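The listed protein sequences derive, respectively, from chains A, B, C and D. Under numbering that gives the first Met the number 0, the first residue of the first sequence is numbered 0, with each subsequent residue one higher. Under numbering that gives the first Met the number 0, the first residue of the second sequence is numbered 0, with each subsequent residue one higher. Under numbering that gives the first Met the number 0, the first residue of the third sequence is numbered 0, with each subsequent residue one higher. Under numbering that gives the first Met the number 0, the first residue of the fourth sequence is numbered 0, with each subsequent residue one higher. Working notes, structure below.
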Amino acid sequence: MAILSYREAVARALAQEMSRDPKVVLIGEDVAAAGGVFKATAGLLDQFGSSRVLDTPIAEQAIIGAALGAAMNGLRPVAEIMFADFFAVCWDQIANQVAKTRYMTNGQISVPLVIRTANGGGVRFGAQHSQSVENWVMMIPGLKVVAPSTPRDVVGLTAAAIRDPDPVVVLEHKALYAVREEVPEGELVDELGKAVVRREGEDATVLSLGAMVPRSLAAADRLARERGIELTVVDVRSLVPLDVTTLLDSVRATGRLFTVEENPRLCGWGAEILSIVVEEAWDDLKAAPIRITTPHVPLPAADVLEDAALPSVERIVDTVEKHLAS
Amino acid sequence: MAILSYREAVARALAQEMSRDPKVVLIGEDVAAAGGVFKATAGLLDQFGSSRVLDTPIAEQAIIGAALGAAMNGLRPVAEIMFADFFAVCWDQIANQVAKTRYMTNGQISVPLVIRTANGGGVRFGAQHSQSVENWVMMIPGLKVVAPSTPRDVVGLTAAAIRDPDPVVVLEHKALYAVREEVPEGELVDELGKAVVRREGEDATVLSLGAMVPRSLAAADRLARERGIELTVVDVRSLVPLDVTTLLDSVRATGRLFTVEENPRLCGWGAEILSIVVEEAWDDLKAAPIRITTPHVPLPAADVLEDAALPSVERIVDTVEKHLAS
Amino acid sequence: MLLPTDLGLPSRPAFKGEINGHELALFELMVRLRLFERRAYDLFLQGLVKGTSHLSLGQEAVAAGFARAMEPTDLTFATYRGHAHTLARGVPMSAVMGELMGRATGLMAGKGGSMHLTSVEHGMMGSYAIVGAHLPVAVGAAWAARSRGTKQVVVCFFGDGTTNIGAFHEALSLASVWRVPVVFVCENNLYMEYTAISAVTPVRHPLADRASAYGLSATMVDGNDVAEVFDVARRSLAECREGGGPVLIEALTYRQSGHSRTDPGTYRPKEEVEAWLARDPLACYADYLVSSGFSRAELDEIEAKATAEVDGAVEAARSAPPPEISLVETNLWADGSASWRS
Amino acid sequence: MLLPTDLGLPSRPAFKGEINGHELALFELMVRLRLFERRAYDLFLQGLVKGTSHLSLGQEAVAAGFARAMEPTDLTFATYRGHAHTLARGVPMSAVMGELMGRATGLMAGKGGSMHLTSVEHGMMGSYAIVGAHLPVAVGAAWAARSRGTKQVVVCFFGDGTTNIGAFHEALSLASVWRVPVVFVCENNLYMEYTAISAVTPVRHPLADRASAYGLSATMVDGNDVAEVFDVARRSLAECREGGGPVLIEALTYRQSGHSRTDPGTYRPKEEVEAWLARDPLACYADYLVSSGFSRAELDEIEAKATAEVDGAVEAARSAPPPEISLVETNLWADGSASWRS
Ligand SMILES: Cc1ncc(C[n+]2csc(CCOP(=O)(O)OP(=O)(O)O)c2C)c(N)n1
Ligand SMILES: Cc1ncc(C[n+]2csc(CCOP(=O)(O)OP(=O)(O)O)c2C)c(N)n1
Ligand SMILES: [Mg+2]
Ligand SMILES: [Mg+2]
């Protein structure tokens, strides 16, 4: 076992897959010579050379479009979009081209590509560099979406995304890049569409992903310690495909659901999962499921304001406690 | 009263506001000399001249960006994006610039602009010209969103959008442009954020907007005639601000909720409203609220396929019947 | 108004390009495209083709000249105005007609429609309905071709209006920096939908006047002259195939019909339309062939055969069943399904 | 590696521009920008400025030369690298420092942060953190200026790397077609983040070599020469104000620090850094002023005053309270609220 940071785990996953399959290539701004602005691709240029690790101009439409064209013609590109907020400048390529090509051509063209990006807030970068775009991508038919919350999952999910024959968006969380943990040696590949129960408890189910997982776990610990409330915490990990079975099993067991998400409130992934649960497990619910979200505002930059906007351990604790009491 | 088509209603609303306020200007592709590809802006160039009605190059980022800049500097621009699908090519301007400017500047800059677009399916235009983007815009904090379902509402809501001091997206429905009805003479201005109960019934509440309103009403008529089931049909009209009071009042009265939406399924506005209802009217619900949506796929082009994908009168009838029976 | 002479074009195409041995094949291809598009238009009027459709009437020489010069393994990227480019790569008329009419026999079984014609088998990598979107995609396909050493060349067609959108700029920059084997062909038909391109573009030649911004040069061709197009296409493809990097071509031509089904095109000055009709790529080419020794009879015979082919395609599409509605939820993913659950 | 001489620049700025009467004001402005940025950097290292921040060290002559030439009613649009442009328009240091430190006294009470400095009162219409996004916005502001007859000119600053993104292309095309009063200023500092612009751009001069693609011409200036910048700025603004349409300027300069807080800038060849440090805009200008009769003492005095101003701003920010957390849900809408319910 090696101790890896979340950012090192990205490079490890890419190296693992690039070693295995010469068709895997990496493109993006500053990804080659500089090793990425988050240093998540450090060392790959040296290891795989400039025909497989390519710097691009600042041209996200070209980056995603080029990845799509290359995927159509025999490569398996991994395209980095530096910040998830920049999905907006290449949204046509992501939502209208990459996502729809296979369907529109009735299966003639497969699109085995991966879009990696630094998602989420918490590092005081302000409204245009801190967005959580889980719902942007989940709402587009034709995109698979994963969001690892640990270094180990970065490796397993990124490898799975690269091997998948369809377009997969990997939402790395920029506030987690420095997090470290032991990651098993050797090839590591997960299956897309598997949620993981991080903690079991009988009083309620909490669903979260990305940076909200450690916060949910911390809240669960606190509630257990201070109030004797035992939560199940499920790390959703994959929004599409969605592991409805694991989610529903847990909700059926506890009868109570809280979602914790960084998305601004309206039309977040929490609303979707809540709706699925209501539609499919109505009779098992003991109370209204509750969403804990960022309010429906852009993220402010100042530390105190950003901390107040994002779901915090305190807010999770308070919300769960209040609703379980009533 | 004049009989107006939905497309004529657009021009009438624009003319009404442009006559009233010289700061209102209109830009877009083919909007001036050609009167719009849907002929929704016909006659405006002649009436208001080329300094207020301007054709642009095919450059949607420039269109929205220019509208934003002009709104910052004393005009009240109405920008046409020809098809809602093209929001994708200017998504950064819409989601990151227009929506966030006021918040990021802590209120220093107001953005009184309107983005009009032809939204929705049903006219066999295929996957890149038929999307329903209600959820794309609803999920972005800082955008107001309206979607008229009748010629009268086109006038009232568009006028209200133009007078509003904040950015408003007006989702015209392209399958409704030919629909005609009597529209009162004289100045017509609605208030944003008001849903309208189009039909009252005690068995269940159906929420819909745009082209799904006439379908929901037809389904309600059929259910009343053939099964004696009486539905309340609420035309949501405004997604942001959302008339939660009217929606909840109706759901509280009937105890049952169906949403009918053209959005592909995941993270649609239906999920949001369903979540709100569950969170706020849990005790009044007699059964699980149900979403009737387009499946989570891009829209196919062929008539039989498109008809099968979009929520139809039959599907609404069958779904409501099945769930009320159980 | 832009008359051919304003653009430095002769009043009729010159047909000076080297086309030895390809004379009749080019004619046949153009005739087939022309007759197909005319019939497609008729079928719209009869309500048998639904939705929208963008014809290449008057622009056939570009599609024909290029396709004839391409190797079977080369790749085409086209726009919503893609019927001609699709047929030119050898896709059967019946499959295209089936798609336009929304039948099970359509190229994509009705899932794509007129604006998204694709046939990977024929190197037709797609028709794109968002202006400019396919240019970066073509760059990527060309990058993969170079990186895998396939010797493929990618040919990417787009209109004059497309040169003002961001994706165009990003694609040309990247193509130039990466020096990939792509030929960008701007079909300058003088209009973006209903607006003259000159009214909304700061340069006269939307592509050619911008080549230097990408460190490239551009060739201008008479897009109504199939001989010139074929000749230039052949040389450009060879240049790219030998590693010559991106090539830019601006083909000056004219859209004889309206922009799309619902457009009568009345915004175009009569004199302009007439001047361009007088240099119709097909009629002028037929005259040229006759003047260089081919017989009217053999041309008529080719035309008759093409008419029969179109008839057959329409008949096949008419009698084909509509697609099964179960198709709606297929082929979103590579496993054939459309499920968002695991 | 790009040495000043490779770009045709003298080894030290020439200071030939017409700046009569503005000598000390320009010096003072540059010194203030320099000292502010240095202090901002120190505060990062101390953890008092959070998030990220992009300094203009080495590029002060561009901000100073332009701001000094602008009328108070003219409008500035800048990037995330916007401290200097904001201060140069007259925004008090304490408000900028307060924003960087996330205090209630910040220019936007902490809601924007370093990358979004805006002060409408001073004509500073915003700092934009998405590369290229503000160019179309600037065009719109200029269009409104012309349409309302305000005689305002809009000045829009951006980097070399920005010229490869789609929004740049769309904005320049539209600006040219509409002929609006905007001055586009490309601060070519040779790098886009950590990558040399030459490695990812098909032309040598990212803006100047592309001007003709928009039917425009461009002026190149020594961006380390405040006299030249001021002189050219004054003439460009006058040209625009009189209806001269868009003006393009490429200012050749150098980013002396890393791209942002976390970047030590080690990817830059030592020789390149040294050659550019030798033509530091401030030190060279000070020498020039002394050589043209100003005394070191008066310059030192200006510097001392600026140091005191920075000290005061830091002190004010340090002792200011953090913003009220209730601000999170305010000012999304013009009514001051952030509610999505009616
Ligand atoms: C991004 C985008 N904007 C607008 C449109 C609508 N539209 C379709 S075709 C067209 C004109 C394109 O003109 P040009 O590039 O000259 O091609 P042509 O149609 O003449 O072949 C426009 C504006 C679109 N499809 N995509
Ligand atoms: C659309 C977009 N892509 C990427 C980035 C990340 N990014 C921030 S600054 C920068 C480099 C910009 O270079 P340049 O335009 O030369 O400006 P400079 O930073 O040198 O002033 C990049 C790539 C961004 N903010 N927006
Ligand atoms: Mg055209
Ligand atoms: Mg730079």
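Beta carbons are placed, not taken as given, at the ideal position from N, Cα and C, and that holds for glycine. Everything numeric in this text was worked out from a predicted model, so none of it was measured.
Relative to chain C, which residues along the stretch 123-141 of chain B have a C-beta separation below 8 Å, given in chain order? Against chain C - using a Cβ distance shorter than 8 Å - the residues of the stretch 123-141 of chain B are Arg123, Phe124, Gly125, Ala126, Gln127, His128.
Shorter than 7 Å, the distance from the beta carbon of isoleucine 80/B to the closest heavy atom of ligand 4, or not? False, no ligand heavy atom lies under 7 Å from that Cβ.
Whose CA, out of Pro166/A, Pro150/A, Ile93/A, Leu191/A, lies closest to the CA of proline 183/A? Pro150/A
Considering just the uninterrupted stretch of the alpha helix (DSSP H) at cysteine 283/C, what are its terminal residues? 280-290
On the premise that leucine 241/B lies in contact with glycine 192/B, defined as a C-beta separation below 8 Å, what is that separation, rounded to the nearest angstrom? 7 Å
Anyone know if the C-beta pair for methionine 124/C and threonine 78/C falls short of 8 Å? no
Using a C-beta to C-beta distance shorter than 7 Å, which residues of chain C count as neighbours of glutamine 96/A? Ala132, Val136
Counting only runs of 3+ residues fully inside the stretch 100-168 of chain C, write out the beta strand (DSSP E) ranges in chain order. 123-127, 153-158
Give me, in chain order, the residues of the same chain whose beta-carbon lies closer than 7 Å to that of histidine 86/D; leave out the 5 immediate sequence neighbours on both sides. Before going on, a small fix: residue 86/D reads as leucine here, not histidine. Counting only Cβ-Cβ distances below 7 Å, and skipping sequence neighbours, we find Arg31, Leu32, Phe35, Met92, Val95.
Cβ neighbours of leucine 284/B in the same chain (closer than 8 Å, five flanking residues each side left out): Val250, Gly254, Arg255, Leu256, Val276, Val277
Please classify proline 263/C as buried or exposed, where buried requires at least 16 other C-beta atoms within 10 Å of its C-beta. exposed
Interface residues of the stretch 136-150 of chain C facing chain A [CB-CB below 8 Å]: Val136, Ala137, Val138, Gly139, Ala140, Ala141, Trp142, Ala143, Ala144, Ser146, Arg147, Thr149
Leaving out five residues on either side along the sequence, give the residues of the same chain with a beta carbon under 8 Å from the beta carbon of glutamate 260/A. Ser131, Glu133, Ser207, Leu208, Met211, Gly267, Trp268, Gly269, Arg290, Ile291, Thr292, Thr293, Pro310
Uninterrupted alpha helix (DSSP H) stretches inside the stretch 174-245 of chain D (no shorter than 4 residues): 225-240
Name, going along the chain, the residues of the stretch 185-203 of chain C whose beta-carbon falls closer than 8 Å to a beta-carbon of chain B. Met191, Glu192, Tyr193, Thr194, Ala198, Val199, Thr200
Only counting runs of 4 or more residues, tell me where the alpha helix (DSSP H) segments fall wholly within the stretch 44-94 of chain D, in order along the chain. Qualifying alpha helix (DSSP H) stretches, in chain order: 59-68, 82-87.
Positions along the stretch 299-319 of chain B whose CB lies within less than 9 Å of some CB in chain C: Pro299, Ala300, Ala301, Asp302, Val303, Leu304, Glu305, Asp306, Ala307, Ala308
Whole-angstrom Cβ separation of valine 24/A and proline 56/A, contact assumed at under 8 Å? Actually they do not touch by this definition, with Cβ atoms about 17 Å apart.
CB of glutamate 305/A within 8 Å of CB of arginine 123/A, strictly: yes
Count the C-beta pairs between the stretch 183-203 of chain D and the stretch 97-115 of chain B that are closer than 8 Å, then say yes if the count reaches three, no if not. no
By alpha-carbon positions, which one of Arg11/B, Arg6/B, Ser274/B ends up nearest to leucine 187/B? Arg11/B
Below 7 Å, is the gap between the Cβ of isoleucine 196/D and the nearest heavy atom of ligand 2? At a threshold of 7 Å, isoleucine 196/D counts as near ligand 2, since its beta carbon sits closer than that to one of the ligand's heavy atoms.
If contact means a Cβ-Cβ distance below 9 Å, which residues of the stretch 42-69 of chain A contact chain D? Asp54, Thr55, Pro56, Ile57, Ala58, Glu59, Gln60, Ala61
Sort Ala300/B, Ala177/B, Leu142/B by Cα distance to isoleucine 324/C and report the nearest one. Ala300/B
Scan the stretch 218-241 of chain A for residues whose Cβ lies nearer than 8 Å to a Cβ of chain C and list them as they occur along the chain. Ser237, Val239, Pro240, Leu241
Using three-state DSSP, classify alanine 301/B as helix, strand or coil. The three-state reading of DSSP puts alanine 301/B in coil, since its state is none of H, G, I, E or B.
Any heavy atom of ligand 1 inside 7 Å of the beta-carbon of glutamate 28/B? yes
Between alanine 198/D and alanine 207/D, is the Cβ-Cβ spacing less than 8 Å? no
Where does alanine 203/A fall in DSSP's three states? strand
If we define contact as Cβ-Cβ less than 8 Å, is alanine 174/A a contact residue for chain D? No, because no Cβ of chain D sits closer than 8 Å to the Cβ of alanine 174/A.
Distance between arginine 115/B and valine 169/B (C-alpha atoms, nearest Å): 5 Å
In chain B, which residues lie less than 7 Å from histidine 121/D when you measure between Cβ atoms? Chain B residues near histidine 121/D: none, gap ~11 Å exceeds 7 Å.
Give me the DSSP bridge partner(s) of histidine 172/A. Bridge partners of histidine 172/A: Asn118/A.
Going by the DSSP bridge assignment, what does isoleucine 315/A pair with across the sheet? Isoleucine 315/A pairs with nothing; no bridge assigned.
Proximal residues to threonine 40/B (C-beta, below 8 Å), its chain only, five neighbours per side dropped: Val9, Ala10, Leu13, Leu25, Gly27, Val30, Ala31, Gly34, Val52, Glu79
Which residues of the stretch 247-268 of chain B have a Cβ closer than 9 Å to any Cβ of chain C? Give them in chain order. Arg264, Leu265
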